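Down below is the structure, laid out as structure tokens.
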Amino acid sequence: MKVFKYLFPLFIVLMIAVSCTPAKPVEHHPRKIVILPVFNETNDMNAENVAYPMVYRAFFDRGYNVVSPTVMFELFNEEKGFHEAGMVNAMTPEQIAEYTNADAVMYVTITDWSTKFYGVVSTVTVTMEFKLIDPKTNMPIFETTETAQSDSGADFSLGGVVNAIAHAAVQEYGPIAQQCIYNAAAKLERNVFHIKKKEKEKKN
Amino acid sequence: MIRKPFYSLLLLVFMLFLQSCAPTLEQAKKHYDSGLRNYLSGEHYDAAESDFKQSAATGFYLPGVYASIGIMHVKNGDVPGGIEFLEKEYELYGDPLIKHYMDFLKERFGINNVNEKQGE
């Protein structure tokens with residue numbers, strides 16, 4: 661009984677330690693990826709339509725074989741009956757990869773797509789989360805959260821307020837979102853480069 | 009004596025002019041992205057089809073362009089025409105998902121062979 665008395669707290673501590681360990685990214689470089697419909701958590705209804713072609717372009721231009729978006733959208737819509745981005749979550753990454761013949765599944769979420777006013781400064785912010793999942797292990801190969809901003813600059817003169825309003829009105833979200841997306845694509849490329857390097861070293 | 013180099017230079021300038029007029033890969037991508045945006049908006053399918061066709065007209069057959077034109081045909085009710093474009097895409101890139109989509113369309117619309125149907 662005494663042994664149990666000491667072992668039980670130890671067991672609890674071990675359980676907590678194991679469950680709190682952050683998931684380690686899987687070292688795997690995918691060739692064919694499927695970029696799922698962008699999940700939009702913001703109030704801007706058009707944000708995902710602006711972001712999706714950019715995400716597709718960024719990863720396609722970096723040499724990834726990206727599943728044709730129109731075919732994927734049509735199949736999800738017509739065959740599976742997914743009419744919203746969130747409905748894709750009904751399928752596991754493994755099922756999605758099998759369905760689309762992809763090596764990895766990319767989830768993109770827009771968490772911020774807004775214009776804020778701080779006195780005489782207006783700031784346009786875009787924040788996006790990217791998660792590339794290995795369907796075999798269900799673990800992330802890569803994940804990042806990118807934020808890009810553009811502000812009008814502080815101008816405390818009378819024209820400052822006008823300038824801030826004009827900046828907010830004229831500023832398009834596209835180029836700011838593109839900055840986020842290209843940062844994420846560049847990070848993934850660096851990640852893959854290190855994985856390939858490690859693989860080469862292992863072989864040698 | 010002067011003529012030969014002059015004509016060579018003229019030819020070179022002409023060739024450079026032709027080259028600058030030729031569509032570029034960037035233009036093909038730009039049209040494709042624009043088509044994708046219009047398609048995703050769910051309202052501008054005609055504009056999307058026009059963009060995808062313009063991308064194909066550049067001669068750079070980017071993956072997904074023929075498939076997208078095919079889908080636009082299907083959306084406009086021309087299913088056999090759409091399947092033809094999808095077959096072109098499948099011939100070019102061999103993506104099994106395209107084949108799956110073609111099979112899905114054939115089953116749904118009761119089409120056995122596109123060529124046979126067109127020949128009738």
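For the protein sequence lines, the chains are H and D, in the order given. Per the numbering used here, the very first residue in the first sequence carries number 661; after that it's consecutive. Per the numbering used here, the very first residue in the second sequence carries number 9; after that it's consecutive. Quick reminder that beta carbons are idealized off the backbone N, C-alpha and C, glycines included. Just so you know, these numbers come straight off a predicted model, no measurement behind them.
Range covered by the beta strand (DSSP E) that runs through residue i
{"i": "residue 730 (chain H)", "result": "Careful: residue 730 (chain H) lies outside any beta strand (DSSP E), inside the alpha helix (DSSP H) at 729-738."}
{"i": "residue 792 (chain H)", "result": "781-794"}
{"i": "residue 695 (chain H)", "result": "692-695"}
Close-in-space but distant-in-sequence residues of the same chain around residue i (CB under 6 Å, 5 per side omitted)
{"i": "residue 809 (chain H)", "result": "783, 785"}
{"i": "residue 90 (chain D)", "result": "78, 81, 82"}
{"i": "residue 792 (chain H)", "result": "764, 766, 801, 802"}
Neighbour-count burial assignment, residue i, 16 or more Cβ in a 10 Å radius
{"i": "residue 778 (chain H)", "result": "exposed"}
{"i": "residue 805 (chain H)", "result": "exposed"}
{"i": "residue 20 (chain D)", "result": "exposed"}
{"i": "residue 66 (chain D)", "result": "buried"}
{"i": "residue 24 (chain D)", "result": "exposed"}
{"i": "residue 787 (chain H)", "result": "buried"}
{"i": "residue 99 (chain D)", "result": "exposed"}
{"i": "residue 16 (chain D)", "result": "exposed"}
{"i": "residue 13 (chain D)", "result": "exposed"}
{"i": "residue 147 (chain D)", "result": "Any property of residue 147 (chain D) remains undetermined from this structure, which presents chain D solely from 9 to 128."}
{"i": "residue 798 (chain H)", "result": "exposed"}
Member of the options whose CA lies at the smallest distance from the CA of residue i
{"i": "residue 711 (chain H)", "options": "H:739, H:800, H:773, H:846", "result": "H:773"}
{"i": "residue 108 (chain D)", "options": "H:751, H:727, H:746", "result": "H:727"}
{"i": "residue 34 (chain D)", "options": "D:103, D:84, D:119, D:68", "result": "D:68"}
{"i": "residue 702 (chain H)", "options": "H:723, H:789, H:692, H:718", "result": "H:789"}
{"i": "residue 749 (chain H)", "options": "H:850, H:847, H:839, H:697", "result": "H:697"}
{"i": "residue 807 (chain H)", "options": "H:858, H:733, H:753, H:833", "result": "H:833"}
{"i": "residue 835 (chain H)", "options": "H:713, H:692, H:691", "result": "H:713"}
{"i": "residue 802 (chain H)", "options": "H:734, H:704, H:775, H:843", "result": "H:843"}
Helix, strand or coil at residue i according to DSSP, with G and I counted as helix
{"i": "residue 846 (chain H)", "result": "helix"}
{"i": "residue 861 (chain H)", "result": "helix"}
{"i": "residue 12 (chain D)", "result": "helix"}
{"i": "residue 772 (chain H)", "result": "strand"}
{"i": "residue 725 (chain H)", "result": "strand"}
{"i": "residue 766 (chain H)", "result": "strand"}
{"i": "residue 115 (chain D)", "result": "helix"}
Residues near residue i by beta carbon distance below 8 Å, same chain, minus five either side
{"i": "residue 716 (chain H)", "result": "695, 726, 729"}
{"i": "residue 699 (chain H)", "result": "708, 745, 746, 767, 768, 769, 770"}
{"i": "residue 72 (chain D)", "result": "40, 97"}
Extent of the continuous alpha helix (DSSP H) to which residue i belongs
{"i": "residue 745 (chain H)", "result": "It is not in any alpha helix (DSSP H) - residue 745 (chain H) carries neither H nor E in the DSSP assignment."}
{"i": "residue 93 (chain D)", "result": "87-101"}
{"i": "residue 800 (chain H)", "result": "Here residue 800 (chain H) belongs to no alpha helix (DSSP H); instead the beta strand (DSSP E) covers 799-811."}
{"i": "residue 82 (chain D)", "result": "73-83"}
{"i": "residue 33 (chain D)", "result": "33-49"}
{"i": "residue 60 (chain D)", "result": "53-65"}
{"i": "residue 760 (chain H)", "result": "753-760"}
Cut-off 7 Å between Cβ atoms - residues of its own chain near residue i, not counting five sequence neighbours on either side
{"i": "residue 62 (chain D)", "result": "39"}
{"i": "residue 737 (chain H)", "result": "743"}
{"i": "residue 732 (chain H)", "result": "694, 760"}
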